[in-house]
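Peer 1: Under numbering that gives the first Met the number 0, the first residue of the sequence shown is numbered 0, with each subsequent residue one higher.
Cβ atoms here follow ideal geometry from the backbone N, Cα and C, with glycine treated the same way.
Okay, handing you the structure first.
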Amino acid sequence: MSEVLMEIKDLSKYFTVDTNFFGKPTSILKAVDGISFTINKGEAFGLVGESGCGKTTLGKILVNLHSPTGGKILFEGQDLTALNENQRRTYCKDIQMIFQDPYASLNPRMTVGDIIAEPIIINKLLPPDKVEERVTYLLNCVGLAQHQRNRYPHEFSGGQRQRVGIARALAVEPKLIVCDEPVSALDVSIQAQVLNLLADLKDEFGLTYLFIAHGLNVVKHVSDRVGVMYLGKMVEIAPKRELYSNPLHPYTQALLSAIPITDPERKKQRIILEGDVPSPINPPDGCRFCSRCFKEMPECKESAPELKEVSPGHWVACYLFA
């Protein structure tokens with residue numbers, strides 16, 4: 000049985016959108032609403048869903064960029080939500096993030112070498128005379144040359160900048176890396192290179208990934224298990240092969256039907272979802288997908304289905320499998 004590195008229990012994050020005259024919230028956006036799942040040590044857990052479903056917010060909570068509204072985050076058995084700010088900082092180096100926009104996440108006034116060296120120096124991981132050697136090693140690991148360490152971020156291409164971001168995340172020897180759509184801002188030809196690099200680094204450094212992406216076609220190449228989010232809720236979790244061969248939730252089926260196929264002679268039935276995504280400020284009382292679901296039942300509008308295990312390792316939140 001795999002060892003659990005991180006366990007997320009009923010995690011929520013609400014944002015106040017509007018307040019009344021007395022400063023009390025009158026409008027609340029439920030970005031993440033009662034999410035629960037585990038990430039095993041050494042695996043790549045893919046997290047997919049439409050824009051605005053709360054994927055990035057969830058990732059930022061895990062790296063302490065947002066404070067959760069409720070729930071627990073157990074990392075190696077330690078509840079991070081129960082720690083104060085100073086205690087939580089000791090775990091920051093163990094959980095790093097690779098951001099979606101490589102240019103916006105790098106300081107334009109610092110050279111690439113200084114960007115990678117900074118977390119090593121701040122965390123006092125190496126003696127000062129060993130830092131340069133470590134930076135050179137990390138540059139080589141991500142496919143960059145030593146002479147490039149004195150260049151600034153604007154002197155690199157998008158793919159190279161993302162490699163710098165990966166090297167910076169590796170600098171503090173993390174145990175978990177949150178990859179927030181790390182290839183969505185890159186050209187298609189470069190995306191494959193970065194995905195292969197992440198896969199190689201996972202094996203070389205024994206890393207664990209939470210890989211956030213829009214589409215199931217991207218996470219298919221790097222993930223061991225996949226979770227599907229919709230409007231702040233987790234609707235399905237399964238091993239990669241099981242999810243792609245036997246999707247149970249109607250939303251997952253619709254996402255898979257949207258993946259392009261390369262064989263022109265093969266016909267594929269596309270599931271077109273009708274209607275608009277409900278507002279996360281005022282979500283429906285029942286299943287949040289029922290207004291767009293092609294398999295809607297009366298009970299779907301009454302209450303939200305719970306995430307249940309319908310087969311070993313395959314979890315789904317749908318009344319079709321209650």
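Just how far apart, CA to CA, sit P118 and A170?
Peer 2: Translated into the one-based positions of the sequence shown, residue 118 becomes position 119. Translated into the one-based positions of the sequence shown, residue 170 becomes position 171. Their Cα atoms are separated by approximately 7 Å.
Peer 1: Once the 5 residues before and after L206 are set aside, which same chain residues still bring their CB inside 7 Å of it?
Peer 2: As a first step, residue 206 is located in the sequence shown; it is residue number 207 there, counting from the start. Excluding sequence neighbours, L206 sits near I176, L200.
Peer 1: Under a Cβ-count criterion, where at least 16 other Cβ atoms within 10 Å of its own Cβ denotes burial, should L64 be classed as buried or exposed?
Peer 2: As a position in the sequence shown, residue 64 is number 65, starting the count at 1. Under this definition L64 is an exposed residue.
Peer 1: Secondary structure at E301, three-state DSSP: helix, strand or coil?
Peer 2: Walking along the sequence shown from the start, residue 301 turns up at place 302. In this structure, E301 counts as coil in the three-state DSSP scheme.
Peer 1: Flag P24 as yes if its beta-carbon sits less than 8 Å from any beta-carbon of chain D, otherwise no.
Peer 2: The structure shown contains no chain D; it is built from a single protein chain.
Peer 1: Is the Cβ-Cβ distance between G226 and L105 less than 8 Å?
Peer 2: As a first step, residue 226 is located in the sequence shown; it is residue number 227 there, counting from the start. As a first step, residue 105 is located in the sequence shown; it is residue number 106 there, counting from the start. Contact: no.
Peer 1: Taking 8 Å as the threshold (C-beta atoms), are V31 and G51 in contact?
Peer 2: Taking the sequence shown and counting its residues from 1, one reaches residue 51 at position 52. Taking the sequence shown and counting its residues from 1, one reaches residue 31 at position 32. No, they are not a contact pair.
Peer 1: Just the Cα atoms here: how many angstroms apart are H153 and P101?
Peer 2: The sequence position of residue 153 within the sequence shown is 154, counting from 1. The sequence position of residue 101 within the sequence shown is 102, counting from 1. Near 11 Å, if we compare the C-alpha coordinates of P101 and H153.
Peer 1: Considering Cα atoms alone, identify which of T251, E49, I7, G142 is closest to T80.
Peer 2: Working through the sequence shown from its first residue, we reach residue 80 at position 81. For T80, the nearest C-alpha among the options comes from I7.
Peer 1: Within 10 Å of its beta-carbon, does V141 have 16 or more other beta-carbons around it, so buried, or fewer, so exposed?
Peer 2: Numbered from its first residue, the sequence shown carries residue 141 at position 142. Buried, by the Cβ-count rule.
Peer 1: Excluding the 5 residues flanking C91 on each side, which residues of the same chain have their C-beta closer than 8 Å to its C-beta?
Peer 2: Position 92 of the sequence shown, counted from the start, is the residue given in the question as residue 91. Result list for C91: V62, N63, in chain order.
Peer 1: Are A198 and V163 closer than 8 Å when you measure CB to CB?
Peer 2: One-based indexing of the sequence shown puts residue 198 at position 199. One-based indexing of the sequence shown puts residue 163 at position 164. Not in contact: A198 and V163 (Cβ atoms no closer than 8 Å).
Peer 1: If F14 and I27 are in contact, beta carbons under 8 Å, what's the gap, nearest whole angstrom?
Peer 2: The residue you call residue 14 lines up with position 15 of the sequence shown. The residue you call residue 27 lines up with position 28 of the sequence shown. Rounded, the Cβ-Cβ distance is 7 Å, consistent with contact.
Peer 1: With a CB to CB cut of under 6 Å and the five nearest residues on each side skipped, what residues in its chain are close to R291?
Peer 2: Taking the first residue of the sequence shown as position 1, residue 291 is located at position 292. Contacts found: L272, G274.
Peer 1: Out of P297, V276, F293, which has the shortest C-alpha to C-alpha gap to G285?
Peer 2: Position 286 of the sequence shown, counted from the start, is the residue given in the question as residue 285. For G285, the closest C-alpha among the options P297, V276, F293 is that of P297.
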